[in-house]
Each structure stands twice: as structure tokens, then as C-alpha cells.
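Going by the working numbering, the sequence shown opens with residue 13, and the numbers climb by one from there.
Before any comments, here is the structure.
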Amino acid sequence: MNKYISVSKEGIRALQRTFKVKGKEICERCVKNALAYRTDNELARKIRFAAVRHHMGCTYYVIPEGEFFFDSDSCWHAVYPNRAEIYLDKQTGEGTVYDPKGNVVARYDHVTLSQINEIKNMAKTL
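Given below as C-alpha cells:
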């Protein structure tokens, strides 16, 4: 899973002026590498912190496509691009996987957090 911090051009320019190395402003590439988590040194961590705290930076995560819903009945519903679906009920602990045609592929009782990745991978491969 990749992540990055989105900041306006003015914010990037302000970050360049804020952080200096040997008395000189850092370059735009240095700021962009820090915001894209390509570097993980002390300066990059400071840049990311300042971007979020002072320049209205927003952290985005790049994840595989899918829709996830949490309804008022304490159910978790996931729909994947291949139209496979997962229903997890928090109250009963039951989990059900449906294929693209709506047929039940698998049922689980007392689903644990460690099982969710296995269930997701199975739904993605249908």
C-alpha cells in the first residue's frame, strides 16, 4: 500500500523556505520525495509533519479498488471490481463470501481479524 501527502504548490514552496540545509533552501524534489514517502530520514519526517500540521496537507492511501460499507446493523459489506462480495456481521461474527453471480462460496463462523485478509484474497480471485 502506497501513501502520499497532498499539499498545494504554495505549501511546497513554504516548506522549501522553512527547511534549510547548510543555510540554503532545500529543492522542490527533496520536498516532493518526502511527501511521497520515497525517503525516510529525519528531514523527510519533519517535512511530512509540517505539511500536515501547518500547510493543510492531506494523507492519501493508494489501495486496490473496492467499495466498503458499514451499515447501521453492524455489518461490513465489501464489493470488489470482479463483483464478488463479502458480508461480515460484527454482532454474530459470521462472514459470507458471494461470487459475482450471487452464489454463496464460503461461510465463516466467528471471523477473527487475522482471517479477514484470507477472506479478502479469496473474494478477489473469484
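For every residue, glycine included, the Cβ atom is placed at its ideal position computed from N, Cα and C.
Since we're looking at a predicted model, the values are computed, not measured.
#1: Would you report the Cα separation of E22 and A46, rounded to the nearest angstrom?
#2: Taking the beta carbon of Y92 as the centre, do at least 16 other beta carbons fall within 10 Å, making it buried, or is it exposed?
#3: To the nearest angstrom, how far is the alpha carbon of V109 from that of A90?
#4: Give every residue of the same chain whose Cβ lies closer than 7 Å to the Cβ of L138, excluding the five residues on either side of it in the sequence, and list them in chain order.
#5: Using DSSP with H/G/I as helix, E/B as strand and the rest coil, what is G69?
#6: Using a 10 Å radius around the Cβ and a threshold of 16 neighbouring Cβ atoms, would you call V107 buried or exposed?
The relevant details are as follows:
#1: The residue you call residue 22 lines up with position 10 of the sequence shown. The residue you call residue 46 lines up with position 34 of the sequence shown. So the alpha carbons of these two residues sit roughly 16 Å apart.
#2: What you label residue 92 is simply residue 80 of the sequence shown in a count that begins at 1. Counting Cβ neighbours within 10 Å, Y92 comes out buried, since at least 16 surround it.
#3: Translated into positions along the sequence shown, residue 109 becomes position 97. Translated into positions along the sequence shown, residue 90 becomes position 78. Cα-Cα distance, rounded: 10 Å.
#4: Along the sequence shown, read from residue 1 onward, the residue named residue 138 stands at position 126. Closer than 7 Å at Cβ, skipping near neighbours: N94, A96, D111, P112 and V117.
#5: Indexing the sequence shown from 1 puts residue 69 at position 57. G69: coil per DSSP, three-state reduction.
#6: Position 95 of the sequence shown, counted from the first residue, corresponds to residue 107. Reading off the sequence shown, one finds Gly at residue 107, where the question assumed Val. So G107 ends up on the buried side.
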